[in-house]
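Asker:
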Amino acid sequence: MSNDFLDVNSINTYYGDAHVIHDLSLEVGEGEVVGLVGRNGAGKTTTLKSIIGLQPPRTGAISFKGEQISGMAPEDIYRRGIGYIAEDRSIFPKLTVRENLIVGLSSGQDPEFDEIFDYFPRLEERLDQKAGTLSGGEQQMLAIGRVLVSDPEVLLIDEPTEGLMPTLVDKISEVVAQLNEDGQTILLVEQNIDLVLNNADRVYVMSHGERQFTGTPEELRENEEIIDEHLAV
Ligand code: ATP
Numbered sequence: 001m002s003n004d005f006l007d008v009n010s011i012n013t014y015y016g017d018a019h020v021i022h023d024l025s026l027e028v029g030e031g032e033v034v035g036l037v038g039r040n041g042a043g044k045t046t047t048l049k050s051i052i053g054l055q056p057p058r059t060g061a062i063s064f065k066g067e068q069i070s071g072m073a074p075e076d077i078y079r080r081g082i083g084y085i086a087e088d089r090s091i092f093p094k095l096t097v098r099e100n101l102i103v104g105l106s107s108g109q110d111p112e113f114d115e116i117f118d119y120f121p122r123l124e125e126r127l128d129q130k131a132g133t134l135s136g137g138e139q140q141m142l143a144i145g146r147v148l149v150s151d152p153e154v155l156l157i158d159e160p161t162e163g164l165m166p167t168l169v170d171k172i173s174e175v176v177a178q179l180n181e182d183g184q185t186i187l188l189v190e191q192n193i194d195l196v197l198n199n200a201d202r203v204y205v206m207s208h209g210e211r212q213f214t215g216t217p218e219e220l221r222e223n224e225e226i227i228d229e230h231l232a233v
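The numbering of the sequence shown is UniProt numbering, which starts it at 1 and goes up by one.
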């Protein structure tokens with residue numbers, strides 16, 4: 001199957017000689033929330049890095065809205081509307097919240113943050129505070145907000161709930177649901193299977209760099225074999 005939104009077609013990605021992603025295909029349709037799950041080291045982050053051009057695939061192709069993006073520089077891929085929120089929540093700790101948001105804008109965009117504050121009212125209260133002094137949860141909100149200000153067509157989010165306490169995990173889950181309602185296309189990498197099962201339209205399960213399963217959250221819930229073999233810890 002392929003579509004004309006985000007289409008990853010049979011990619012193979014390496015770190016030097018280490019072959020990490022094997023013939024992986026996946027697609028994300030416009031307006032969909034797609035979950036990508038699997039154990040540590042399964043290749044989820046590398047898949048996102050392949051899409052955004054930080055670790056380009058050696059073979060296979062990735063296209064976005066019908067245009068091949070694999071082989072393009074990361075900044076050109078970003079400019080086409082693919083936003084990426086890394087696992088390490090890259091924010092600038094010494095800049096204020098406002099400055100962090102401004103840095104996320106593309107040149108020529110207005111600093112129009114109201115939509116971000118709808119999702120994260122806390123950020124509005126903390127606009128003039130240095131980002132490094134925010135709590136872990138607030139830093140994660142800022143990391144998401146920083147990418148949202150550029151109005152991406154697709155949002156790739158790498159483990160947004162990692163290390164967060166349960167109330168903040170719920171907050172992230174609410175934001176994903178709200179973004180989905182607002183039509184935002186999302187590819188969500190998570191270790192927190194419940195968050196994916198509750199929010200995604202479709203799910204891919206990866207293990208050892210290969211796709212092991214694709215289906216709806218309901219189909220995954222019913223597939224004990226896949227859960228035991230590739231997800232249970
Ligand atoms: P995690 O949840 O731990 O981030 P993941 O599913 O995102 O896991 P990746 O980080 O994509 O997995 O890692 C996939 C494989 O690639 C692992 O075997 C990992 O050791 C290896 N790997 C990741 N980054 C590098 C690197 N920079 N150089 C060499 N090997 C790497």
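Even glycine gets a Cβ: it sits at the ideal position worked out from N, Cα and C. Bear in mind that the values here come from a model prediction, so they are computed numbers and not experimental data.
Looking only at its own chain, which residues have a Cβ that is under 6 angstroms from the Cβ of G35, when we skip the five neighbours before and after it?
Answerer: L188, V196, A200 and V203
Asker: Distance check for G60 and V205, CA to CA, integer angstroms please.
Answerer: 20 angstroms
Asker: Given this structure, state the Cα-to-Cα distance separating E75 from P121, to the nearest angstrom.
Answerer: 30 angstroms
Asker: Just to confirm my understanding: we take G137, look at its own chain, exclude 5 residues before and 5 after, and list those with CB closer than 6 angstroms. What are they?
Answerer: L164 and L168
Asker: Alpha carbon to alpha carbon, what distance is there between I116 and G145?
Answerer: 6 angstroms
Asker: Pick out the complete beta strand (DSSP E) segments inside the region 119 to 205, 3 residues or longer, and give them in chain order.
Answerer: 154 to 158 and 185 to 190
Asker: Does the distance between the C-beta of E222 and the nearest non-hydrogen atom of the ligand ATP fall short of 7 angstroms?
Answerer: no
Asker: Go through its chain and collect everything with a Cβ distance to M1's Cβ below 7 angstroms, but skip five positions before and after it.
Answerer: Reliability fails at M1, whose pLDDT of 46 lies under 50, so the model's placement of it is uncertain and no value is given.
Asker: Using a 10 Å radius around the Cβ and a threshold of 16 neighbouring Cβ atoms, would you call S10 buried or exposed?
Answerer: exposed
Asker: For S207, which option in D17, G38 and D228 has the closest C-alpha, if you only look at C-alpha atoms?
Answerer: G38
Asker: Could you check if E153 belongs to the surroundings of the ligand SAH, using beta carbon to heavy atom distance under 7 angstroms?
Answerer: What this structure holds is the ligand ATP, not the ligand SAH.
Asker: Is it the case that the CB of A18 approaches a heavy atom of the ligand ATP more closely than 7 angstroms?
Answerer: Answer for A18: yes, Cβ within range of the ligand ATP.
Asker: Whose C-beta lies closer than 7 angstroms to the C-beta of M141 among residues of the same chain, with five residues either side of it excluded?
Answerer: F120, R122 and L123
Asker: Taking C-alpha atoms, which residue in V175, N180, D182 and P160 lies nearest to I193?
Answerer: P160
Asker: When the Cβ atoms of the region 124 to 134 are set against those of the region 150 to 160, are three or more pairs found closer than 8 angstroms?
Answerer: no
Asker: Would a C-beta distance cut-off of 8 angstroms place S150 and G83 closer than the cut-off?
Answerer: Cβ atoms of S150 and G83: closer than 8 angstroms.
Asker: Please list the terminal residues of the continuous beta strand (DSSP E) segment that includes D23.
Answerer: A18 to V28
Asker: Could you check whether the Cβ of E87 sits closer than 7 angstroms to any heavy atom belonging to the ligand ATP?
Answerer: Within the cutoff, so yes.
Asker: Taking only three categories from DSSP, how would you classify I69?
Answerer: coil
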